[in-house]
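For reference, the structure discussed in these notes is given below.
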Amino acid sequence: MRLHTGIRVAAAVAATALLATACSSGSGDSGDDTADGSGGKVELTFWTWAPGMEEAVAVWNEANPDIQVTVNKQDGGDPAVTKLLTAIQAGSGAPDLFQTEYQKIPTLVSEDALADIADVLPDGTAERFAEGTWQSVTLGGDAVYGVPQDSGPMQFYYREDVFQQYGLSVPTTWEQYAQVAEQLHTADPSKYLGTFSANDAGWFTGLTQQAGASWWGIDGDAWSVDIESAPVQKVAEYWGGLVEKGVIDNKPMYTPEWNAALNDGSQVGWLSAIWAPGVLQGNAPDTAGKWKMAPMPQWEEGDDATGNWGGSATSVTSQSTHKAEAAKFIAWLNASQEGVNLLVSEGGLYPADIPSQAEALSSPPEFFSNQADFYTLAAETAKGVQPFTYGPNVNVAYSAYNDEFGKAAEAKQASLFLDAVTAMQATTVDDLENQGFTVTK
Amino acid sequence: MTTLAPPRAAATSGPTRRRGSRRRGAAPYAFLAPALTLFTLFLALPIGYAVYLSFRTEIVQGLGLGSGARQEVWAGFANYTRALQDPEFLASVGRVAVYGLLLVPTMLGLALLFALLLDSRRTRATGFSRISIFLPYAVPAVIASLLWGFLYLPRVSPFYYVFDQLGWDVPEVMSSGLVVFAIANIGLWGGVGFNMIIIYTALKSIPTELYEAARLDGASELMVALRIKIPIVMPSLVLTFLFSMIATLQVFAEPMTLRPLSNTISTTWSPLMKVYRDAFTRGDIYAASATSVVIALATFAFSYLFLRLVQDGRAFSQESK
């Protein structure tokens with residue numbers, strides 16, 4: 001124990017030394033961190049990887065000389081969380097502000113990395129967000145661990161020109177989706193309506209969320225894990241069937257191969273989320289103006305359910321000594337008309353803040369200029385996002401997804417997709433119990 | 001003659017000598033101090049800390065939300081029993097064993113072959129060849145894996161384009177049966193040059209009289225290689241084998257970089273990938289430390305056994321002569 005604290009102190013000293021050198025190269029007089037609040041100039045650091053954040057922060061810094069924010073660009077969700085948790089364990093080195101993906105919030109809260117800002121947020125902040133979105137930053141309790149920034153309601157993206165060429169109709173149910181997938185692949189065996197990606201656990205989570213699944217739950221003082229449940233099995237079996245038949249591709253998304261397939265028209269559709277236009281623009285630039293967006297295919301004809309894939313909140317870390325100022329900045333960035341306009345215009349994000357959406361989202365994204373009602377349709381689909389609870393070991397479940405569904409997709413056997421669900425459930429429960437959580441069966 | 005002078009001078013002035021020897025006694029430590037400090041700070045302490053962590057674990061109370069919900073406690077050997085009983089760990093050891101059996105003999109065989117070819121009298125442009133064989137070693141493993149990843153994916157690979165034009169149906173190299181070859185190939189590409197240089201350097205130090213004698217006895221170039229060169233560079237081969245074995249046990253960058261490109265490489269493909277997953281994906285630094293200690297001990301054991309084996313055998317007798 002003594003050795004442990006000793007090394008913690010040593011690590012903290014080393015980290016502070018590094019930080020000090022890093023900071024000193026920045027500005028001359030950042031040293032005098034006068035007591036919290038009154039009068040003194042406050043410097044806040046902000047770890048984020050969302051696009052356009054530097055530009056939005058520049059507008060804030062211009063108007064608020066007393067609260068200066070410095071953006072520190074991160075590589076992405078997973079590496080940033082690793083870095084933050086290391087800083088939390090070392091006792092120093094964490095930023096004041098941190099971009100948290102919704103599914104990471106329970107993990108970060110259980111590691112004591114996020115501050116409760118319920119007391120310092122302006123009144124009425126909660127009312128600006130959809131109930132399901134707000135729940136993901138409160139985890140259903142009284143504490144508030146961040147303010148939602150953007151959300152990722154899922155839709156179906158497809159190549160309108162290819163659909164016309166083969167006389168395909170846009171599927172409104174999953175049954176039709178399977179038929180269209182088969183029609184297309186039979187007409188041209190090099191073309192697929194989509195792919196089952198064993199690398200994107202968040203994507204699969206969204207699909208099961210649409211079907212009514214919630215992988216975790218809170219039962220009083222215990223967690224429950226419901227990965228092996230009827231909705232998840234239904235989704236897994238459905239996709240297993242399509243992959244086994246060969247009408248859907250089994251390769252992961254976000255590979256050079258997948259990009260090429262999107263760009264040359266071999267991948268004709270993509271079940272994705274509201275941020276898809278930006279990805280398509282970057283990965284398949286040759287297809288501009290050829291895509292259209294439609295609501296997700298439904299399990300029951302006439303439903304309007306969907307899931308979320310992606311989306312983040314902005315949080316204050318437990319190491320910040322300027323929680324009030326940090327909360328003030330977050331409220332401006334994510335829950336004010338000015339801030340939200342910047343999120344949309346500079347970052348191309350789909351804001352979670354509902355009152356500002358109408359003004360901020362007046363014109364469709366550039367890549368979808370052929371679909372004038374893009375954001376009107378998107379707003380309708382967003383209403384159908386089903387409730388979902390993330391647990392404290394999302395990372396474990398997600399990496400089990402990669403391994404188990406990787407095997408199933410490679411083998412192209414529908415029965416193995418169901419086995420993968422069983423294995424994920426076992427791995428996730430085992431990990432929770434091993435950590436000492438109480439798990440209800 | 002001059003060598004006799006200093007001792008006599010020292011003998012005549014006793015006190016000076018004693019003071020000198022005392023200074024000489026402290027000097028080695030002064031010279032060693034920087035190395036010892038660095039060794040302690042950056043090797044011994046972290047290793048000690050990892051061993052300490054491997055006997056600890058974190059226990060969560062209730063829902064585990066809010067501050068103070070986690071507590072670090074002693075775990076005894078629990079982390080070790082979990083690591084050794086984990087079927088994924090054993091499977092990753094199995095995969096790496098296959099990888100090593102494929103890679104090490106091929107790599108050292110090619111390295112030896114290239115070194116002998118470069119050393120043979122008829123070879124032209126040795127400087128250029130040596131550099132071009134060595135060059136891949138200078139490419140970081142992650143970059144090499146990204147490049148090879150592109151070449152392995154049928155849709156973007158120029159090789160598969162050619163195969164397609166020729167009408168050949170070549171199986172995907174990153175499919176489940178072949179993926180170990182795909183990974184070993186990257187290691188081979190990067191490793192041959194390094195090992196070749198070590199063997200080649202050993203070849204260059206062989207006195208030329210040996211070759212002249214062999215030629216007078218009528219030995220061909222091939223006979224010289226088999227009977228003189230290979231036996232003499234055997235210590236270098238032992239060394240390169242040891243290095244390659246350790247590198248095999250620690251294979252990480254290649255499968256880690258290729259993983260997102262296919263379904264066939266799991267997050268626990270190699271033992272070190274499992275350590276990485278436990279530490280950084282699962283946030284369980286304690287289990288990761290235990291597995292690291294197991295891997296380190298296994299590496300020591302293998303290296304020691306291997307060296308004992310070759311020392312008992314004939315190989316090292318060359319050196320001791």
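If you read the sequences in order, they're chains A and B. Residue numbering for the first sequence is 1 to 441, as defined by our numbering. Residue numbering for the second sequence is 1 to 321, as defined by our numbering. All C-beta atoms in this analysis are idealised placements derived from N, C-alpha and C, irrespective of residue type, glycine included.
Straight-line gap, residue i to residue j (C-alpha atoms, nearest Å)
i	j	result
A/Ser315	B/Pro271	35 Å
A/Asp303	A/Phe156	15 Å
A/Ala372	A/Leu139	36 Å
A/Glu182	A/Glu175	11 Å
A/Phe163	A/Lys191	11 Å
B/Met196	B/Pro260	32 Å
A/Asp249	A/Leu271	13 Å
A/Ala178	A/Val69	49 Å
B/Trp269	A/Asp161	42 Å
B/Ala144	A/Glu257	18 Å
A/Ala201	A/Tyr398	5 Å
B/Thr123	B/Ala202	18 Å
B/Val142	B/Leu108	22 Å
B/Met245	B/Lys274	19 Å
B/Gly218	B/Tyr211	10 Å
A/Glu346	A/Asn334	13 Å
Contact set between residue i and chain A, taken where Cβ atoms lie within less than 8 Å
i	result
B/Ala69	Ser110, Asp112
B/Glu58	Gln435, Gly436
B/Thr267	Ser399, Asn402, Asp403
B/Leu113	Within 8 Å Cβ-Cβ: nothing; B/Leu113 doesn't reach chain A, min ~34 Å.
Partners in chain A for residue i, counting only beta-carbon separations shorter than 7 Å
i	result
B/Ser54	Within 7 Å Cβ-Cβ: nothing; B/Ser54 doesn't reach chain A, min ~13 Å.
Under 9 Å by beta carbon: chain A residues contacting residue i
i	result
B/Ser244	Ordered by position in chain A, no residue passes the 9 Å Cβ test against B/Ser244, which lies about 28 Å from the chain.
Chain A contact for residue i (CB, 9 Å cutoff)
i	result
B/Ser262	yes
B/Val156	yes
B/Gly76	no
B/Gly62	yes
B/Leu84	no
Partners in chain B for residue i, counting only beta-carbon separations shorter than 7 Å
i	result
A/Ser415	Neighbours of A/Ser415 on chain B: none; closest Cβ ~17 Å, over 7 Å.
A/Asn283	Neighbours of A/Asn283 on chain B: none; closest Cβ ~13 Å, over 7 Å.
A/Pro392	Gly64
Closer than 9 Å to chain B by CB, residue i
i	result
A/Leu85	yes
A/Val396	yes
A/Thr107	yes
A/Ala420	no
A/Ser315	no
A/Ala426	no
A/Ser266	yes
A/Gly278	no
Boundaries (first-last residue) of the alpha helix (DSSP H) holding residue i
i	result
B/Val142	141-152
B/Met196	179-204
A/Lys407	394-411
B/Ile133	126-138
A/Asn434	414-435
A/Ser224	Element bounds for A/Ser224: not the alpha helix (DSSP H) but the beta strand (DSSP E), 222-225.
Chain-ordered chain B contacts of residue i [CB-CB under 8 Å]
i	result
A/Thr82	Phe280
A/Ile218	Leu63
A/Glu257	Leu153, Pro154, Arg155, Val156, Leu261
Chain B residues whose Cβ lies nearer than 9 Å to that of residue i
i	result
A/Trp223	Leu63, Gly64
A/Glu410	Ser175, Ser176, Ser262, Asn263, Thr264
A/Asp431	Arg282, Asp284
A/Ala261	Arg155
For residue i, the first and last residue of its enclosing beta strand (DSSP E)
i	result
A/Tyr158	147-159
B/Glu58	56-60
A/Ala46	Checking the displayed sequence, the identity of residue 46 of chain A turns out to be Phe instead of Ala. 42-48 is the span of the beta strand (DSSP E), which, as asked, contains A/Phe46.
A/Gly347	Not the beta strand (DSSP E): A/Gly347 falls in the alpha helix (DSSP H), residues 337-347.
A/Asn308	308-316
- Task: With 7 Å as the C-beta to C-beta threshold (strictly closer), list the residues of the region 272-284 of chain B near chain A in chain order.
- Result: Arg277, Phe280, Thr281, Arg282, Gly283
- Task: Give the residues from the region 232-255 of chain A that approach chain B closer than 9 Å (Cβ to any Cβ), ordered along the chain.
- Result: Asn250, Lys251, Pro252, Tyr254, Thr255
- Taking a cut of 8 Å between CB atoms, which residues from the region 155-178 of chain B lie near chain A? Arg155, Val156, Ser175, Ser176
- Can you list, in chain order, the residues of the region 42-57 of chain A whose Cβ is nearer than 7 Å to any Cβ on chain B? none
- Could you run through the region 124-151 of chain A and flag, in chain order, every residue whose CB is less than 7 Å away from some CB of chain B? Leu139
- Task: Could you list the residues in the region 125-152 of chain B with a C-beta less than 8 Å from some C-beta on chain A, going in chain order?
- Result: Gly149, Phe150
- For the region 192-207 of chain A, which residues have a beta carbon sitting closer than 7 Å to at least one beta carbon of chain B? Ala198, Asn199
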